[in-house]
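Asker: The structure follows.
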Amino acid sequence: MARRKRYTPEVNKKTALMVNVTSLTDMFTVILVFLLQTYNTSEVQLEPPPELRMPTSQSEGVLTQGLEMTLSKESLSIGKEVLAQVNGKDFAAGDKDPKDPNFIPALFKSLEKASKETTVKAVKDGQILLIADRELPYAVIKKVMYTASMAGFPQVKLITTSQ
Amino acid sequence: MGIKKFRTHYEEFELDLTPLLAIIMKLVPVLVISSSFLQLTQIETDLPQVVKQAIEDQNKNPDKTAKIKIIVDDSKTMNVVVTKDDATDTSSIPAKGDALNLAALNSKLVEIKKKNPSVFKIELAPSDSMSYSEIVTILDGSRKSNNNDEFIFVDPKTGKEVKTDFLFPEIVFNNIFQ
Numbered sequence: 009m010a011r012r013k014r015y016t017p018e019v020n021k022k023t024a025l026m027v028n029v030t031s032l033t034d035m036f037t038v039i040l041v042f043l044l045q046t047y048n049t050s051e052v053q054l055e056p057p058p059e060l061r062m063p064t065s066q067s068e069g070v071l072t073q074g075l076e077m078t079l080s081k082e083s084l085s086i087g088k089e090v091l092a093q094v095n096g097k098d099f100a101a102g103d104k105d106p107k108d109p110n111f112i113p114a115l116f117k118s119l120e121k122a123s124k125e126t127t128v129k130a131v132k133d134g135q136i137l138l139i140a141d142r143e144l145p146y147a148v149i150k151k152v153m154y155t156a157s158m159a160g161f162p163q164v165k166l167i168t169t170s171q
Numbered sequence: 054m055g056i057k058k059f060r061t062h063y064e065e066f067e068l069d070l071t072p073l074l075a076i077i078m079k080l081v082p083v084l085v086i087s088s089s090f091l092q093l094t095q096i097e098t099d100l101p102q103v104v105k106q107a108i109e110d111q112n113k114n115p116d117k118t119a120k121i122k123i124i125v126d127d128s129k130t131m132n133v134v135v136t137k138d139d140a141t142d143t144s145s146i147p148a149k150g151d152a153l154n155l156a157a158l159n160s161k162l163v164e165i166k167k168k169n170p171s172v173f174k175i176e177l178a179p180s181d182s183m184s185y186s187e188i189v190t191i192l193d194g195s196r197k198s199n200n201n202d203e204f205i206f207v208d209p210k211t212g213k214e215v216k217t218d219f220l221f222p223e224i225v226f227n228n229i230f231q
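Just so you know, the protein sequences line up as chains X and H, in that order.
Just so you know, our numbering puts 39 at position 31 of the first sequence, and the rest follows in order with no gaps.
Just so you know, our numbering puts 203 at position 150 of the second sequence, and the rest follows in order with no gaps.
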């Protein structure tokens, strides 16, 4: 008994192979729209530490320039320089001024230095962008604001995530 | 005589999507790199010029305008103190369970705003134990009405009536030096 011959479609080898890109274009258009929506036009790019959770706010304010300060549940830092240790509820005893517990000497020195060395107008004008953890008590934030205003930085902008 | 071949619309129009695809392929990586997936905002932003002017006037003449202060104690009770012409009116807003009663605070502030439309500044004195996120919710609740109410006040420069949806956009932490 002869075996049935397998069907092979006839292919015209002279015609060029046409790939249908319509569905691919559709997909890319959707991705493009999504990316355009999330595109950030702000002149300031902040990178909060991954472990820090900021509060959410209804504010729609666009970020402006200023001295970036990070206050997490573990530490207070400006840039990569850690200025004081935080134990979740308060600053470490050694980081506070013994005569004035609201005063953080390391922060004061760092702010004074930043004010003298900076060329950014917003920093010279005393603007701070405070990136703080949402669970921190006001007592900790108050100490930062107190020391900052003593060092000539009275404008503290609170950085939040949008709702 | 030959037979005329039947042609469909699909055969006549074949849109070449390759250039479009090439552009999108270049745009996508650029946007992926520059996109910010965490949208950050800041509190204390620029205000409309008329509101700014009113705040400046209030700062210049603090005695003429009402002073509004929100004092929050450890039990999360908010005391709203309004001082005007040597008279003080205090309203207490107790906590709702373990949380701040923000809806009642917003209603109270709308009521105060209707009586004092030219005041845009309030003082906030949170308790030391309050969390930062709770403070931010008070700032949000003091900035605009929950019901999108609009308030009419007189522009100090032009003397004309102006509508605004701002309640008290300028908030000063009053107990920093205490």
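We put the CB at the ideal spot given by N, CA and C, even for glycine.
Predicted model, so just to flag it, every value in this text is computed and none were measured.
For H:E187, does the count of other Cβ atoms within 10 angstroms reach 16, so buried, or fall short, so exposed?
Answerer: Buried, because 16 or more other Cβ atoms sit within 10 Å of the Cβ of H:E187.
Asker: Compute the Euclidean distance between the alpha carbons of X:P58 and H:N169, then round it to the nearest angstrom.
Answerer: Rounded to the nearest angstrom, the two C-alpha atoms are 44 Å apart.
Asker: Ends of the alpha helix (DSSP H) at H:L93?
Answerer: That residue, H:L93, is in no alpha helix (DSSP H); its beta strand (DSSP E) goes 93-96.
Asker: Would you call the CB atoms of H:V163 and H:A119 closer than 8 Å?
Answerer: No, the Cβ-Cβ distance between H:V163 and H:A119 is not below 8 Å.
Asker: Of all the residues that make up the region 53-80 of chain X, which are near chain H by a beta-carbon distance shorter than 8 Å?
Answerer: Under the 8 Å Cβ criterion, the region 53-80 of chain X contributes Q53, L54, P56, M62, P63, T64, S65, Q66, S67, E68, G69, V70, L71, T72.
Asker: Assess, as a yes-or-no matter, whether the region 191-205 of chain H is touched by the region 63-80 of chain X under the definition of 3 or more beta carbon pairs within less than 8 Å.
Answerer: Yes: at least three Cβ pairs fall under 8 Å.
Asker: Tell me the residue span of the beta strand (DSSP E) that contains X:L75.
Answerer: Looking at the DSSP string, the run of the beta strand (DSSP E) that includes X:L75 is 75-79.
Asker: How long is the line joining the alpha carbons of X:R142 and X:N28, rounded to whole angstroms?
Answerer: Looking at the two C-alpha atoms, the distance is approximately 51 Å.
Asker: Is the beta carbon of H:S182 less than 8 Å from the beta carbon of H:D127?
Answerer: Yes, these two residues count as a Cβ contact at 8 Å.
Asker: With DSSP as the reference, label X:K104 as helix, strand or coil.
Answerer: It is coil, neither helix nor strand.
Asker: Near X:L75, which residues of its chain fall below 6 Å by C-beta distance, leaving aside the five closest residues on each side in sequence?
Answerer: The answer, listed in chain order, is A122, V131, I136.
Asker: Report the rounded CA-to-CA distance for X:I86 versus X:I149, giving the unit in angstroms.
Answerer: So the alpha carbons of these two residues sit roughly 15 Å apart.
Asker: Taking just the CA atoms, how far does X:P56 sit from X:P90?
Answerer: As written in the sequence, residue 90 of chain X is Val, which differs from the Pro given in the question. Rounded to the nearest angstrom, the two C-alpha atoms are 14 Å apart.
Asker: Assuming X:L40 contacts H:L80 under a Cβ cut-off of 8 Å, what Cβ separation, rounded to an integer in Å, is found between them?
Answerer: With 8 Å as the limit, X:L40 and H:L80 qualify as a contact, their Cβ atoms being about 6 Å apart.
Asker: Return the chain-ordered list of same chain residues with a C-beta closer than 8 Å to the C-beta of H:V215, the five sequence neighbours on each side being excluded.
Answerer: Counting only Cβ-Cβ distances below 8 Å, and skipping sequence neighbours, we find V103, I205, F206, V207, D208.
Asker: Does the beta carbon of H:I188 come closer than 8 Å to any beta carbon on chain X?
Answerer: It does: the Cβ of H:I188 has a partner Cβ on chain X nearer than 8 Å.
Asker: By Cβ distance, which residues of its chain are closer than 6 Å to H:L100, with the 5 residues on each side in sequence left out?
Answerer: Interpretation of H:L100 is limited by its pLDDT of 40, a score under 50 that renders its predicted location unreliable; no figure is taken from the coordinates.
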